[in-house]
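Participant: One structure follows; several queries about it will come next.
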């Protein structure tokens, strides 16, 4: 049994090479896995399930082919595609995950899954933005706007995020150790897997209760650097792996 975890692909219509890399990934790499978890930011932006065009349909078709072939697909919202909804899940055959989500690695070993943005508690400006955009009333009001207004809103949010992040220190935009400890102790887990920070690594550390813990950070996909990331589970073993986006079909 093989399970794959990916995050932060940031697919968008004006980056067709990356989209093709994802389609190749689904055909040549994910197809051999029993289960695929996408831990947020599959899309650079998602303005609603009623805004599915040719680009979005390509991605949906690839995911649907995976589930129709018997694969189990789970998708978590990210800070870019937090408006993914029930229609998307229906079209792809995916299950939308809560954040955080607790699953089993086997032998009753729990694994905590998160997108990761809620752990960046030092970034108070972003945490306020996150609280607003995850509010059901705000989402309902946003989805009631005409499509063009939603596109303009998404563009403004992306521009604002880029401007704000350019002036923030690396530490502020990374996870807060105390937030990691708190959520892992609350959920009674010793292994955490998340994305969001674009800093792929495996961290071994001790929690506040002195228990040994492990944090897997799955990296983002970068076409210009020809690198994609996944965490692969075989049995109860997790491995962080990188691969060439351009060589997936070969």
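Numbering (the UniProt record's numbering), first residue to last: 1 to 250.
Backbone N, C-alpha and C fix where the C-beta goes; we use that ideal spot for every residue, glycine too.
1. Grouping DSSP H, G and I as helix and E and B as strand, with all else coil, what is residue 76?
2. Beta strand (DSSP E) containing residue 9: first to last residue?
3. Hey, could you find the ends of the alpha helix (DSSP H) residue 28 is sitting in?
4. Is it buried or exposed, residue 87, if we count other Cβ atoms within 10 angstroms and call 16 or more buried?
5. If you draw a straight line from the alpha carbon of residue 181 to that of residue 173, how long is it in whole angstroms?
6. Looking only at DSSP bridge pairs, what is residue 242 linked to?
7. If you scan the segment 75-137 from start to end, which runs of the alpha helix (DSSP H) of 4 or more residues do you find wholly inside it?
8. Measuring CA to CA, which of 189, 45, 171, 9 is closest to residue 37?
9. Measuring CB to CB, does residue 278 end up less than 7 Å from residue 236?
10. Residues in its own chain within less than 8 Å of residue 227 by CB, not counting five upstream and five downstream?
11. If the criterion is Cβ atoms closer than 7 Å, does the pair residue 103 and residue 111 meet it?
12. By DSSP, does residue 42 sit in helix, in strand, or in coil?
13. Let's test the definition: count the other Cβ atoms within 10 Å of the Cβ of residue 233 and tell me whether it reaches 16, buried, or not, exposed.
14. Thinking C-alpha only, which one of 126, 71, 132, 133 is nearest residue 161?
15. Applying the criterion that 16 or more other CB atoms from any shown protein chain within 10 Å of the CB defines a buried residue, is residue 2 buried or exposed?
16. Cβ of residue 4 within 7 Å of Cβ of residue 33?
17. Between which two residues does the beta strand (DSSP E) carrying residue 202 extend?
18. Which residues mark the beginning and the end of the alpha helix (DSSP H) in which residue 64 is found?
Facilitator: So, to answer that:
1. strand
2. Premise fails: residue 9 is in no beta strand (DSSP E) and is neither H nor E.
3. 16-28
4. exposed
5. 17 Å
6. 229
7. 86-92, 124-133
8. 9
9. As shown, the chain starts at 1 and ends at 250. That puts residue 278 outside it, with no answer to give.
10. 219, 221, 242, 243, 244, 245
11. yes
12. coil
13. buried
14. 126
15. exposed
16. yes
17. 201-206
18. 54-68
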